[in-house]
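Novice: My questions all concern the structure below.
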Amino acid sequence: MRVKIVSKPTSQLNNIIEKIKNISTKLGFEVVDKDFDYVIAVGGDGTLLRAVKQNKPVIAVKAGRRGLLMDVPLDKVEEALLRLKKGDYEEEEYMLLEMIYNDKVELGFNEVGILYDRPEAIKVGISFDTERVSVEGDGVLVSTPQGSSGWSMSATNSLLYKDLSAIEIIFVNPIFYYLRSVVIPPKPLTLRLEDKGYPQTARAVVDGEVVTLIKTNQEIMVRVSQRKAKILRFFKLDLIGEVLHAYHI
Numbered sequence: 546m547r548v549k550i551v552s553k554p555t556s557q558l559n560n561i562i563e564k565i566k567n568i569s570t571k572l573g574f575e576v577v578d579k580d581f582d583y584v585i586a587v588g589g590d591g592t593l594l595r596a597v598k599q600n601k602p603v604i605a606v607k608a609g610r611r612g613l614l615m616d617v618p619l620d621k622v623e624e625a626l627l628r629l630k631k632g633d634y635e636e637e638e639y640m641l642l643e644m645i646y647n648d649k650v651e652l653g654f655n656e657v658g659i660l661y662d663r664p665e666a667i668k669v670g671i672s673f674d675t676e677r678v679s680v681e682g683d684g685v686l687v688s689t690p691q692g693s694s695g696w697s698m699s700a701t702n703s704l705l706y707k708d709l710s711a712i713e714i715i716f717v718n719p720i721f722y723y724l725r726s727v728v729i730p731p732k733p734l735t736l737r738l739e740d741k742g743y744p745q746t747a748r749a750v751v752d753g754e755v756v757t758l759i760k761t762n763q764e765i766m767v768r769v770s771q772r773k774a775k776i777l778r779f780f781k782l783d784l785i786g787e788v789l790h791a792y793h794i
């Protein structure tokens, strides 16, 4: 079996990565950078975002400040790899979103959306089915269930369970609205930067990264991808408990 290790390039993780490489080699795994069978993500939720986009099953090793979706403790890496060889694990599939703009497609594990580019409010039109609404504020995000434990939680204080077949539309710092989000079935939708009477630009973002700037009256399409992110589970993931612990409730 061939594995690729993904982590943040920080000095704090150097010893940990080296130890995982040694364990992997001892157990007969080949550590490579391409043509691999599995990805070992070592870190927190940000590292997991990069790992799942390698389009291979992921082993999630928790070594970061926030790793709500990471189930393998550092002291259990060898046990997890032994179980991987035996096929003793559960495979979980996670929803991915596609953001479409200018005939380009970007995959998102947590969220995609439109956010302000300058320190001023923007107006975003949201369309799906027969619904047509506009929200003025810092922008709009569309989140997967697993993404609701990340950026969207800071805006909504709500959590979608990871197995739920739904997406969450998040209103980021809306002006004059008490409503912070709406949960809908996984339908295609359109986000449009609406005209406020003068030209504006906004950031189209995927998983916290700016992928392009859009101008007034331009739009992006968002839909659920046919692809799924696959994470191999070796230990029980107590998502709700982890969230409560992370926020010291």
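To convert, count from 1 in the sequence shown and add 545; that's my numbering.
No residue lacks a Cβ here, since even glycine has one placed at the ideal position from N, Cα and C.
1) Mind checking whether Val-750 and Gly-658 have CB atoms under 7 Å apart?
2) For Gly-682, does the count of other Cβ atoms within 10 angstroms reach 16, so buried, or fall short, so exposed?
3) Between the C-alpha atoms of Phe-654 and Leu-593, what's the straight-line distance to the nearest angstrom?
4) On the criterion of 16 or more Cβ atoms from any shown chain inside 10 Å, does Ile-794 qualify as buried, or is it exposed?
5) What residues match up with Gly-588 in a beta bridge as DSSP calls it?
6) Entirely within the segment 587-667 and at least 4 residues each: give me those alpha helix (DSSP H) ranges in chain order.
7) Near Asn-762, which residues of its chain fall below 8 Å by C-beta distance, leaving aside the five closest residues on each side in sequence?
8) Return the bridge partner residues of Gly-858 from the DSSP annotation.
9) My understanding is that Phe-673 touches Pro-719, with C-beta atoms under 8 Å, so please give their C-beta distance in whole angstroms.
10) Does the Cβ-Cβ distance between Val-576 and Val-603 come in under 7 Å?
11) Kindly indicate which three-state DSSP category Ser-710 falls into: helix, strand or coil?
12) Can you tell me where the alpha helix (DSSP H) holding Thr-570 begins and where it ends?
13) Under 7 Å between the Cβ atoms of Ser-699 and Glu-656?
14) Since Phe-716 sits in a beta bridge, which residues does DSSP pair it with?
15) Taking 7 Å as the cut-off, decide whether the C-beta atoms of Ala-586 and Ala-608 are in contact.
16) Grouping DSSP H, G and I as helix and E and B as strand, with all else coil, what is Thr-701?
17) Within this structure, are the beta carbons of Lys-775 and Glu-636 separated by less than 7 Å?
18) Less than 7 Å separating the beta-carbons of Ile-568 and Glu-623?
19) Using 7 Å as the threshold, is the C-beta distance between Arg-748 and Asp-662 below it?
20) State the DSSP-derived secondary structure class of Val-755, mapped to helix, strand or coil.
21) What first and last residue would you give for the beta strand (DSSP E) that runs through Leu-777?
22) Would you mind reading off the limits of the beta strand (DSSP E) that contains Ser-726?
23) So the candidates are Lys-579, Gly-684 and Gln-599; which of them puts its Cα closest to the Cα of Tyr-722?
Specialist: Checking against the coordinates, here is how it stands:
1) Here residue 750 corresponds to residue number 205 of the sequence shown, with the count starting at 1. Here residue 658 corresponds to residue number 113 of the sequence shown, with the count starting at 1. In this structure, Gly-658 lies closer than 7 Å to Val-750 by Cβ.
2) Translated into the one-based positions of the sequence shown, residue 682 becomes position 137. Answer is buried; the Cβ neighbour count reaches 16.
3) Taking the sequence shown and counting its residues from 1, one reaches residue 654 at position 109. Taking the sequence shown and counting its residues from 1, one reaches residue 593 at position 48. If I take the Cα positions, the gap works out to 9 Å.
4) Mapped onto the sequence shown, residue 794 falls at position 249. Here the model assigns Ile-794 a pLDDT of 47, short of 50, so the residue's position is not dependable, and the following value carries that caveat. Its Cβ having fewer than 16 others within 10 Å, Ile-794 is exposed.
5) Indexing the sequence shown from 1 puts residue 588 at position 43. Note: Gly-588 sits in a beta bridge opposite Lys-607.
6) 590-597 and 622-631
7) Here residue 762 is taken as the residue at index 217 of the sequence shown, counted from 1. Taken in chain order, the residues that qualify are Arg-737, Leu-738, Glu-739 and Asp-740.
8) Past the boundaries of the shown model lies residue 858; the chain is included only from 546 to 794, so the question cannot be answered.
9) To locate residue 673, count along the sequence shown from 1; it is residue 128. To locate residue 719, count along the sequence shown from 1; it is residue 174. The Cβ separation is near 18 Å, so there is no contact.
10) Taking the sequence shown and counting its residues from 1, the one referred to as residue 576 is at position 31. Taking the sequence shown and counting its residues from 1, the one referred to as residue 603 is at position 58. In this structure, Val-603 does not lie closer than 7 Å to Val-576 by Cβ.
11) Position 165 of the sequence shown, counted from the start, is the residue given in the question as residue 710. Coil at Ser-710, not helix or strand.
12) By 1-based counting over the sequence shown, the position of residue 570 is 25. 559-571 is the span of the alpha helix (DSSP H), which, as asked, contains Thr-570.
13) Counted from its first residue, the sequence shown places residue 699 at position 154. Counted from its first residue, the sequence shown places residue 656 at position 111. No. Outside cutoff.
14) Locating residue 716 in the sequence shown gives position 171, where the first residue counts as 1. Paired residue(s): Val-685.
15) What you label residue 586 is simply residue 41 of the sequence shown in a count that begins at 1. What you label residue 608 is simply residue 63 of the sequence shown in a count that begins at 1. For Ala-586 and Ala-608, no; Cβs fall outside 7 Å.
16) For this step, residue 701 is matched to residue 156 along the sequence shown. It is helical.
17) Residue numbering aside, residue 775 sits at position 230 when the sequence shown is read from its first letter. Residue numbering aside, residue 636 sits at position 91 when the sequence shown is read from its first letter. Yes.
18) Along the sequence shown, one-based indexing puts residue 568 at 23. Along the sequence shown, one-based indexing puts residue 623 at 78. For Ile-568 and Glu-623, yes; Cβs fall inside 7 Å.
19) As a working note, residue 748 is residue 203 in the sequence shown. As a working note, residue 662 is residue 117 in the sequence shown. Yes, they are a contact pair.
20) What you label residue 755 is simply residue 210 of the sequence shown in a count that begins at 1. Val-755: strand per DSSP, three-state reduction.
21) Taking the first residue of the sequence shown as position 1, residue 777 is located at position 232. Leu-777 -> beta strand (DSSP E) spans 764-778.
22) Residue mapping note: residue 726 aligns to position 181 of the sequence shown, counting from 1. That run of the beta strand (DSSP E) goes 726-729.
23) Mapped onto the sequence shown, residue 722 falls at position 177. The shortest C-alpha separation from Tyr-722 is found at Gly-684.
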